Amino acid sequence: MSGSATDDVDAVDAVDAVDAIEQARARVYDGDLKGFVERRREQVAALKQLGVPRQEVAAFGRLAKPSLPAWAVNQLRYRDGEELSRLERTGEELRAAHRADQAGEEVRQLTQARRRLVDRLTARAEEHLLADGHAAARTTTNAVRRTLEALSSRQADETPPVDQRAGTLVRELEPPDFDLLFGLAVGAAGPAPPQPSAEPPANAAVKPAVKSRQRALDVARRRALEAQLAKDREQLERRREEMGELGRRRQRAEEELAQRQRAVDALRAQLDEARAERDRSAAEHDELVRSHRRAELAGLELESRIAKNEETLDGLPGEAG
14 MSGSATDDVD
24 AVDAVDAVDA
34 IEQARARVYD
44 GDLKGFVERR
54 REQVAALKQL
64 GVPRQEVAAF
74 GRLAKPSLPA
84 WAVNQLRYRD
94 GEELSRLERT
104 GEELRAAHRA
114 DQAGEEVRQL
124 TQARRRLVDR
134 LTARAEEHLL
144 ADGHAAARTT
154 TNAVRRTLEA
164 LSSRQADETP
174 PVDQRAGTLV
184 RELEPPDFDL
194 LFGLAVGAAG
204 PAPPQPSAEP
214 PANAAVKPAV
224 KSRQRALDVA
234 RRRALEAQLA
244 KDREQLERRR
254 EEMGELGRRR
264 QRAEEELAQR
274 QRAVDALRAQ
284 LDEARAERDR
294 SAAEHDELVR
304 SHRRAELAGL
314 ELESRIAKNE
324 ETLDGLPGEA
334 G
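Heads up: the sequence shown runs through residues 14 to 334, numbered per the numbering used here.
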């Protein structure tokens with residue numbers, strides 16, 4: 014590098030180092046999977062040139078290569094970032110709707126919007142996989158779908174580790190299950206009611222606290238159940254769509270089978286006709302053979318008669334005598 018670059022090396026501070034590392038990380042994870050190690054090596058050299066602290070560079074050099082599903086989701090961040098951000102916003106709106114105990118119709122619409130975004134992004138991830146020479150196997154695309162659902166289930170103020178963020182994922186994520194949804198719902202219900210004083214009046218402060226805690230628990234349970242219900246409805250709708258697609262494929266297969274059966278029947282009819290024609294030809298041949306034999310015998314009989322008559326004729330006296 015030039016002398017000015019050396020000045021930059023001397024002047025690099027902690028903030029600049031963090032920015033440089035983040036930019037280098039994006040350059041490593043944004044690209045084809047097979048070139049990951051080479052890009053990491055190049056960025057390690059670049060960070061050294063920038064004067065990033067040695068221990069930070071060493072840690073950067075240990076960046077893990079992402080799994081195939083994680084790589085596909087990372088490409089969505091770099092190539093379909095607006096759509097991925099829309100999914101994350103929709104997920105937050107859905108959680109807010111649950112927290113606010115909004116009408117079921119609004120929750121249903123948000124759930125469907127979230128599912129459509131997950132479907133579109135999963136399809137785009139398949140395109141990125143194929144474009145990079147990878148097979149879009151069902152296990153891979155299912156892992157992509159689960160990771161997208163997990164990303165859209167995060168709290169807006171949640172700051173996950175770098176290796177669990179879209180764009181720098183190392184492995185696929187799992188969406189929260191029912192128990193985790195229950196825990197989130199409990200957290201959304203608000204702070205725990207204040208504890209009673211050390212010496213409360215006889216049951217005066219204990220009962221309200223217990224009732225308040227019970228109400229909070231009931232609200233949490235209700236919201237968790239509603240969240241699970243929305244998730245189950247979404248899965249049910251997806252299963253219905255899959256069943257519809259399977260039904261259409263079955264109908265197409267039955268139509269194709271019927272068409273081929275008709276072709277087989279036509280061929281069988283042709284075969285039967287050909288066999289009948291063969292039988293007729295065989296019968297005609299047999300009849301011709303018999304006719305030929307009869308004609309041959311008749312000819313022999315005539316020849317014998319002619320010879321006999323000629324012999325008799327030779328033995329008779331001539332007309333002059």
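Using N, Cα and C, we set each Cβ at its ideal position, and we do this for glycine too.
Small disclaimer: the values here were computed from a predicted structure and weren't measured.
Could you tell me the alpha carbon to alpha carbon distance between residue i and residue j, rounded to whole angstroms?
i	j	result
Ala279	His147	44 Å
Leu81	Gln177	14 Å
Leu182	Gln272	50 Å
Ala83	Arg228	41 Å
Val50	Glu118	48 Å
Ile319	Ala308	16 Å
Asp29	Arg67	14 Å
Ala287	Leu310	34 Å
Arg261	Glu254	10 Å
His298	Pro330	50 Å
Gln264	Ala276	18 Å
Arg52	Asp145	16 Å
Ala258	Asp292	It is Glu, not Ala, that sits at residue 258 in the sequence shown. In a straight line, the C-alpha of Glu258 is about 50 Å away from that of Asp292.
Ala113	Leu270	54 Å
Leu313	Gln274	58 Å
Leu284	Ala296	18 Å
Glu106	Ala149	31 Å
Thr325	Arg306	29 Å
Arg303	Glu323	30 Å
Arg252	Glu185	23 Å
Lys47	Met256	37 Å
Ala289	Ala282	10 Å
Leu342	Ser294	Outside the displayed range of the chain (14 to 334) lies residue 342, so it cannot be described from this structure.
Arg151	Glu171	30 Å
Leu249	Arg54	47 Å
So does residue i have its beta carbon nearer than 7 Å to some heavy atom of the ligand GTP?
i	result
Lys61	Although the ligand GTP was asked about, the structure shown includes no ligands whatsoever.
Only counting the same chain, and skipping five residues up and downstream in sequence, which positions put a Cβ closer than 7 Å to that of residue i?
i	result
Pro188	Arg159, Glu162, Ala163 and Ser166
Glu267	none
Thr103	Leu123, Ala126, Arg127, Leu130 and Ser165
Report all residues from its chain with a CB closer than 8 Å to the CB of residue i; omit the five preceding and five following residues, and keep chain order.
i	result
Val131	Leu100, Arg158, Leu161, Glu162 and Ser165
Val175	Arg38 and Thr181
Asp141	Note that residue 141 is His in the sequence shown here, rather than Asp. For His141, where only same-chain residues beyond five positions count, the Cβ hits under 8 Å are Ala85, Gln88, Leu89 and Arg92.
Pro173	Arg167
Leu301	none
Considering only C-alpha positions, which residue in the set the options is nearest to residue i?
i	options	result
Leu12	Asp114, Phe73 and Gln88	Residue 12 lies beyond the residue range present for the chain, which begins at 14 and ends at 334; the question has no answer from this structure.
Arg108	Arg263, Glu300, Leu284 and Arg127	Arg127
Asp26	Leu46, Arg54, Asp43 and Glu69	Glu69
Ala71	Gln56, Glu309 and Arg318	Gln56
Asp45	Val28, Ala282, Ala85 and Ala58	Ala85
Asn155	Gln168, Pro173 and Ala136	Ala136
Pro79	Thr325, Val41, Arg253 and Asp285	Val41
Gly94	Val302, Gly74, Ala138 and Ala58	Ala138
Ser98	Asp114, Ala179, Pro173 and Phe73	Ala179
Arg133	Ala282, Glu96 and Thr325	Glu96
Ala58	Glu300, Gly74 and Gly48	Gly74
Please go through the same chain and pick out, in chain order, the residues whose beta-carbon is closer than 6 Å to the beta-carbon of residue i, but skip the five residues on each side of it.
i	result
Ala77	Val183
Thr153	Leu81 and Pro82
Gly328	none
Asp43	Tyr91
Subject >> contact_flag[the region 63-74, the region 30-44] where n(CB pairs < 8 Å) is 3 or more >> reply: yes
**OP:** Could I get the ranges of all uninterrupted alpha helix (DSSP H) runs contained in the region 59-145, with 4 residues as the minimum, in chain order?
**Re:** 67-73, 81-92, 94-112 and 117-144
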